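Residue numbering for the first sequence follows this note's numbering, beginning at 17 and increasing consecutively. What follows is a single structure, written as structure tokens, with notes after it.
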Amino acid sequence: MCYCRSMEKVTNAYKIRHTLAHLLVTAIKELYPGAKNAIGPAIDDGFYQDFDLPKAVSVEDFPKIEKKMREIIKTWDTFTGREVTLEEARAEFAWNEYKTELLEEFASEGKKLTFYTSGTLVDLCKGGHLEHPNKDLPIDAFKLDRVAGAYWRGDEKNKMLTRIYGLAFETKEELEKYIDQREEAKKRDHKKLGKELDLFVFSDLVGSGMPMFTPKGAFIRNSIINFCRELNAELGFGEVHTPNFNKAELFKISGHYEKYKEDMLTVRSQYSEEDFFLKPMNCPQHTQIYASRPRSYRDLPIRYADFANLYRDERPGELSGLTRLRCFCQDDGHAFCREDQIKSEFENILGVVKKALTTYKMNYKIRLSLWDPEKPEKYLGSPEVWERSQEILENILKENKIKYEIGVGEAAIYGPKMDIITKDSLGREWQISTIQLDFIMPQRFKLTYTDADGKEKTPVMIHRAIVGSPERFMGILIEHYSGNFPLWLSPVQIKIIPVRENHNEYAKNIFELLKENNIRVELANEDENLGKKVRDAKNNKIPYWVVIGDKEIESGKLTLESRDGGQMPTSEGENGTETSKSNVSQEELLKKLLEEISTKGAAPAKLV
RNA sequence: GCCGUUGUAGCUUAGUGGUAAAGCACGUCAUUGGUAAUGACGAGACCGUGAGUCCGAUCCUCACCAACGGCUCCA
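If you want it as structure tokens, here you go:
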């Protein structure tokens, strides 16, 4: 069965991948009698195929399955299709409830039913195969990759099927290249680099999804937060400080209790009947700061920022490094404003988001996240309010000529949003920045302001985050920079390396000079040889180091060396590239460092 | 939570039904060395946790915990 999306381009690689999915079906049905095949599309790096299997398949069975596939392919001369009647289709797939469900659905939608045949295979399919599989399929350019569970039709209420993933390319070389690239990407993995560079740790005793940041890691996390603070000040967001747990009542009014109770952690007090909850977000509390005194239309927008810890009871299988945690924070902010202020508020925030991501040299895309009108129960508020608020957001993007894609069903429970999406080293997408429009929460908390005409009105609430969650963002940044943090984010910025013991004193003077100027400097005065000291600096991905020996002392000039040849690190950058050397005076060194730190480097971020 | 994989020293890994090996890192001593591995010696692990089978379990079985890759979810 194929799952060809009509938009999909039927390239040769597509045909190969799609044909392989059919081939896998045939092999599995021979090796596992009683196996039922469900869907099996071509994907970016190969294909997958879902099965309902009589017994478990594990990766150890892959060689046997691949061998069978290579046998069967010899018997596939042609791949031909023909249209069939609903009756014929029903009869052919009476044994397979998944196919039956699909063919009934296609028929009811008035779609044509087609069977495709090759060798002994007969499958319900739209087409898009190699015409002569035995001649055209490169049999050494595919490899079964992994096995995973997947719910039938993506619904967790349905039966879990076995999904077998395969890698497939047009040539063996491409396959090998892809596997190598994936290995390389794994070297950038923030979980691996986080350990190697001593940035954060987990402990079985502390619990899963609860990272502890070491001094170096905490430095980076704090630097990310402090940069958010600078940007918040620019936008007029005043930082507030709020408690970590609240009465349940707060979340009942906000609506989170009803919709997200399962994801909230309970706190019990021996002095009160009702449970408390560790807060999974800050917005309800911020409404109460707003509500603490009467507000005039002249006061708006009123803007609060918050970096409080948040707690979410994520399911164990969903946790992942720093990108998905149970305890984390957001660079959260809420603006309460009038309707006529929505546009400028959004534009200002968009501008600052762009500035931040430009500074970090991140690539990103913008998604307009809308509600799913077919599942209104997932959201708060009436369809009219949703239509109106979605239109406002879309118009802002259009007027500012900003490229965006639409994400149906990606909205927050209380309103539509603009999300900034970026990728990790393995190509998985993560939301970072977000700007959300909310007409609902202010109503639920009965927030008001007095308008120019003396009447009480309800403000609009804008929820926003510049980097999303500093922890997640740090994980993505580690991969983005391959651990080669720019100078302003580096826990250690420069290392002073004396060649021999008798150079230690001179080196110490330079160390003190830099330290007095708030440069994060280390002195390598341990009794080790030069090679080892330099190696340590490189392994720790320290941006700069200075070697001090007789030459330097005589000339009064320093030999400054840089981790990345003087270039700012890129996501393609890696350890071990050539370093650059230059001779500078102490004053020049200090000036150069201070300038690079204060500007944070600068080059336009690419909108992809 | 579900499907699959994994868990041996700080790190990376080897290995076995009879309580375990190596490299790096670490410590001591020697080496005063000009840019990715100076030498010698030493210390370091009840083999994720708990139970079971066995004369005996790191190894086999079960349960739990945790990590990784997916699915679902992601305020």
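For every residue, glycine included, the Cβ atom is placed at its ideal position computed from N, Cα and C. Remember, predicted model here, so these are calculated numbers, not experimental data.
Item                                                                                                                    : Value
Three-state secondary structure assigned by DSSP to Glu544                                                              : coil
Contact set for Trp92: own chain, Cβ-Cβ below 6 Å, skip 5 residues either direction                                     : Ser134, Gly135, Pro149 and Asn150
Nearest neighbour of Glu330, chosen from Asp279, Ala264 and Gly165 [CA to CA]                                           : Asp279
Asp139 versus Phe267: straight-line alpha-carbon distance, rounded                                                      : 51 Å
Within 8 Å, strictly: CB atoms of Lys462 and Ile429                                                                     : no
Counted within 10 angstroms of its Cβ, other Cβ atoms place Trp561 as buried (16 or more) or exposed                    : buried
Cα-Cα separation between Gly337 and Lys207, rounded to whole angstroms                                                  : 6 Å
Short Cβ contact (8 Å threshold) for Arg237 with Phe243                                                                 : no
The alpha helix (DSSP H) enclosing Arg245, as first and last residue numbers                                            : Pro231 to Leu251
Burial state of Leu183 (16 or more Cβ within 10 Å)                                                                      : buried
Cβ contact check for the stretch 441 to 455 and the stretch 479 to 486: 3 or more pairs under 8 Å                       : yes
Three-state class that DSSP yields for Glu147 in the structure shown                                                    : coil
Residue span of the beta strand (DSSP E) that contains Lys439, given as start and end                                   : Lys433 to Lys439
Touch test, the stretch 174 to 190 against the stretch 57 to 77, Cβ-Cβ under 8 Å, three pairs minimum                   : yes
Neighbourhood of Asn416 by C-beta distance below 8 Å, restricted to the same chain and skipping five residues each side : Glu363 and Leu366
Pairwise C-alpha distance: Phe122 and Arg284                                                                            : 52 Å
Cβ pair Ile81, Leu146 closer than 8 Å                                                                                   : no
Top-ranked residue by Cα proximity to Ile318, from Asn298, Glu361 and Lys295                                            : Glu361
Three-state secondary structure (DSSP) of Ile408                                                                        : helix
Same chain only: Cβ atoms within 6 Å of Phe158, ignoring 5 sequence neighbours per side                                 : Leu36, Gly182 and Ala184
Lys128 vs Glu108 beta-carbon contact at 8 Å                                                                             : no
Per DSSP, the bridge partner or partners of Leu539                                                                      : Ile512
Ile558 versus Glu538 - alpha carbon distance                                                                            : 10 Å
Buried versus exposed, by CB contacts within 10 Å (16 or more), Lys597                                                  : exposed
Sequence-distant residues of the same chain with beta carbon closer than 8 Å to Ile89, five excluded per side           : Leu39, Pro149, Asn150, Leu153 and Ile155
Cutoff 8 Å; reference Lys188; Cβ partners in own chain excluding five residues on either side                           : Pro154, Asp156 and Ala157
Under 8 Å between C-beta atoms of Tyr327 and Leu294                                                                     : yes
DSSP-derived helix/strand/coil call for Glu577                                                                          : strand
Continuous beta strand (DSSP E) stretch holding Lys263: start and end                                                   : Phe261 to Lys263
Expected contact under 8 Å - CB spacing of Leu384 and Glu410 to nearest Å                                               : 6 Å
For Val138, the first and last residue of its enclosing beta strand (DSSP E)                                            : Leu137 to Leu140
CB-CB length for Asn500 against Arg579, believed under 8 Å                                                              : 6 Å
Inter-stretch contact at 8 Å, needing at least 3 Cβ pairs: the stretch 297 to 311 / the stretch 475 to 482              : yes
Nearest-angstrom Cα separation, counted from Ala427 out to Leu609                                                       : 44 Å
In chain order, each beta strand (DSSP E) run of at least 3 residues that lies wholly inside the stretch 487 to 531     : 510 to 514
Proximal residues to Ser587 (C-beta, below 6 Å), its chain only, five neighbours per side dropped                       : Low local confidence applies: a pLDDT of 35 at Ser587 is under 50, so the model's placement there is unreliable, and no value is given.
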